[in-house]
Amino acid sequence: MERILIIKPSSLGDIIHTLPLVHAIKRCKPESSLGWVVQRGFSDLLERDPAIDRVYLIDISSTSDPMAGRNAYSQAFKETMISLWHLHGELARSYDTVLDLHASFRSGLIGLAATGAQRIGFKDARELNTLFQHRVIAVPGSVDHALEKNLLFASHCGCQTVDDDYHICSNEADQEAVASFLRGKNISSQRRIIYANPAARWQTKFWPKEYWAQLADCVYENGNVLVFSGSGHDCTFIGSITALMHSPPVVAAGHFSLPETVALLKQSSLYVGLDSGPMHMAAMASVPVVALFGPTHPARVGPYNVEHKIVRAEDLSCLECRKRTCDHLSCMKNISVTEVHEAVISLLDK
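Quick note: the sequence shown, position 72, residue 54 per our numbering, numbers continuous.
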């Protein structure tokens, strides 16, 4: 029995992009044992997945969060060493192979806890990660999307992906939690649910609140309903949207766990929103996607293996700047409500 450890602690979108790899390995090597080192906040999503035999939790502060303070790196390093200490007893001599998909200095350190394993990473990894690896995988120039890059590990393991590998799990309890919520909102069965994700970690990804309010009203007038979702941290911004709406708002933000969010997406006819984790969850759940892009590149991090439409201000030279702060936010402000609504109608009518 081959024992394989995945190191991909975060972020949500990156974790979603790793699922097809895990499913492919488990399908072609059903006797293998798969473990995954992940941040605690994402663990329930992986624990729903029967392809994953063991989930190892870590608590390491993000260094990429715009709200991270000046001491973010030193704090994250300290927490990494604490995690390494705790993981060593569980991982030592427990795995044959470590697949380090996170490609950072910290993930390289975590891989050391799996003593006796062959560690494999990306040749183009950052932060000296390659120094921790026994073997590295080169990324061909033809591979652009993050998910395709992860699938290079599947080929290395002798596995090929099939359509069934693109899925994300929830259970009956998750589905019932969503059904109960929707019943409480008295949403007519005649109205199709459109999952709306208006918030992201980057300030530069936000679409103006008044645009969202207009879109919600247009959708409602057409006989459907936007359900605003997200974390509890998003409630203030969503509240500023619903205050401008003329149609009755439906807000699910802060109500659901990640697996329950998957269940909500599976009951939705469409996703509309920003480049964020829920967009990738929708794609993995085979829900059509209307994605609003500005500072990031859809060819690299856009919806994958699902019907979708990308809406962005194509005439701007500053597109794909990857900046997390901006003085003008033109790339998002220049996306009109009409463009987004037309994309929504186009996919709903298919």
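Positions of the beta carbon are idealized from the N, C-alpha and C atoms, including for glycine.
These numbers come from a predicted model, not from an experiment.
- Note that the C-beta distance between L274 and W189 is below 8 angstroms.
- When only Cα atoms are considered, E130 and L81 end up about 15 angstroms apart.
- In the three-state scheme derived from DSSP, where H, G and I count as helix and E and B as strand, K167 is classed as coil.
- In this structure, Y177 and Y253 form a Cβ contact; the two beta carbons are roughly 5 angstroms apart against a cut-off of 8 angstroms.
- Pairing L329 with P285 gives a Cβ-Cβ distance that is not under 8 angstroms.
- Ranking C139, T97, G93 by CA distance to the CA of T112 puts G93 first.
- Take S312, set aside five residues on each side of it, and the residues of its chain with a beta-carbon closer than 8 angstroms to its own are A295, L298, C300, in chain order.
- Taking C-beta separations shorter than 6 angstroms and ignoring five residues to either side along the sequence, the partners of A159 in its chain run E242, following chain order.
- A direct Cα-to-Cα measurement between K315 and T97 gives close to 51 angstroms.
- Residue state for K305 is assigned as coil, using DSSP reduced to three classes.
- Our two residues, V4 and L16, have alpha carbons roughly 8 angstroms apart in a direct line.
- Residue pairing for L252: DSSP places it in a beta bridge opposite I176.
- With respect to the C-alpha of D147, the residue from G214, D31, S14, K332 having the closest C-alpha is D31.
- Residue environment for W67: exposed (fewer than 16 other C-beta atoms within 10 angstroms of its C-beta).
- Beyond the five residues adjoining it in sequence on each side, D26 comes within less than 7 angstroms, by CB distance, of S239, L240, P241 in the same chain, given in chain order.
- Counting only unbroken stretches of 3 or more residues, the beta strand (DSSP E) elements lying wholly within the stretch 19 to 106 are 36 to 40, 79 to 82, 100 to 104, in sequence order.
- Distances from the alpha-carbon of A195 to those of R174, G255, N287 put G255 closest.
- I169 places its beta carbon less than 8 angstroms from that of V207.
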